[in-house]
Amino acid sequence: MSLTTSRQAPAPRTPRPARTPRARTRTRRPGERPNVLAGLGSLLWLVLVGLPLYVLLAATLQSRPDYQRSGPLGLPRHLTLDNYLDVFDNGFGRYFLNTAVVTVCVVALVLLLVPPLAFAVVRGARPGTLRVFRLFLLGLAVPAQAVVIPMFYVISKAGLYDHLIGVILPTAAFCLPICALVLTGTMREIPGELYEAMTLDGASTWLVFRRLVLPLSRSGLSTVVVFSALQAWNGFLFPLVLTQSEDTKVVTLGLYNFQTQYGVNIPGLLAAVVLSTLPVLLVYLFARRALIQGLMGMGGK
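Going by UniProt numbering, the residue at position 105 of the sequence shown is 105; the numbering climbs one at a time, nothing skipped.
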């Protein structure tokens, strides 16, 4: 007679009940009075924000004669999309393409230069590195209007006048100080033990930068991308001074097409404003959390 042992089948796991989201609404305590002042302030803020948006969108959805009759606060009687079609008839497709090229190139230049610079400042062993970085940050105190004439002279002598590269270089140069400051703060949040551990394992400086610093600086890099993209997309002074022809015109300069000697096509102008702000608004909606974290110096945690 042989003895056989049989294992008991494991009991099936009962599924955990789904977690119900916590209610974020604050229940009022008995006897607690409603905060009327806060409610009035919120209502005022809603009016201040919502009224310009209503004026902006309502004007773009009505014809120019209807807008002149009803005024900026009037309700649109006959909705139309002709203003948005007129935007592209005025060459805005070319302007959008030029602006996109400038924005992508500025962001690429900033991402190529700022991370190595910030890494050298944070982990640099030479004492002169911090002094040079402080001199570099003086660019934060120099307004673009103060250097527009020397910039025009340099760009013209370099043969880059009326070229997109002549707009890309100064725009990227003015983004570098603030982007370097943000990314330096992000990299300083990385614990020093991680640097020492990778160094003891025999990792080179390039490997530490690529495997450790860049992944832990994602929030700071997102902030840098969003900030430089906003500066390049909304740039006005450098495109105005350093370009002249229709082939190099950007969106911000294309708004002048709706202004004539005898008046301004306000519905068409506002339609162009709406279309020009859509890409920036989408970028901000997808990266607003990283932008706020990077500006608050919370990156890398």
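Yeah, the Cβ is synthetic: ideal placement off N, Cα and C, and Gly gets one too.
Check	Outcome
Could you tell me whether the Cβ atoms of T60 and N90 are closer together than 8 Å?	no
Any idea what DSSP makes of V283, helix, strand or coil?	helix
How would you call F286, buried or exposed, if buried means at least 16 neighbouring beta carbons within 10 angstroms?	exposed
Would V87 pass as a contact of G268 if the rule is Cβ separation under 8 Å?	yes
Assuming I168 contacts V106 (C-beta within less than 8 Å), just tell me the rounded distance between them.	6 Å
Under the DSSP definition of a beta bridge, which residues are partnered with V251?	DSSP, once it has assigned bridges, lists no residue as partnering V251.
Under the DSSP definition of a beta bridge, which residues are partnered with V224?	BP columns for V224 are empty, so no partner.
Quick check: what's the CA-CA separation for T205 versus D247?	44 Å
Take P76 and list the residues in its own chain whose beta-carbon comes closer than 6 Å to its own, dropping the five residues that flank it on each side.	A58, L61 and Q62
Would F174 and V241 qualify as a contact pair, given that the criterion is a beta-carbon distance under 8 Å?	no
Which one or two residues does DSSP pair with V264 in a beta bridge?	Q259
Using 8 Å as the cut-off, can you tell me whether the segment 184-202 makes contact with the segment 138-147, which would need three or more C-beta pairs spanning the two stretches below that distance?	no
Considering only C-alpha positions, which residue in the set L111, V226, A108 and S276 is nearest to Y284?	V226
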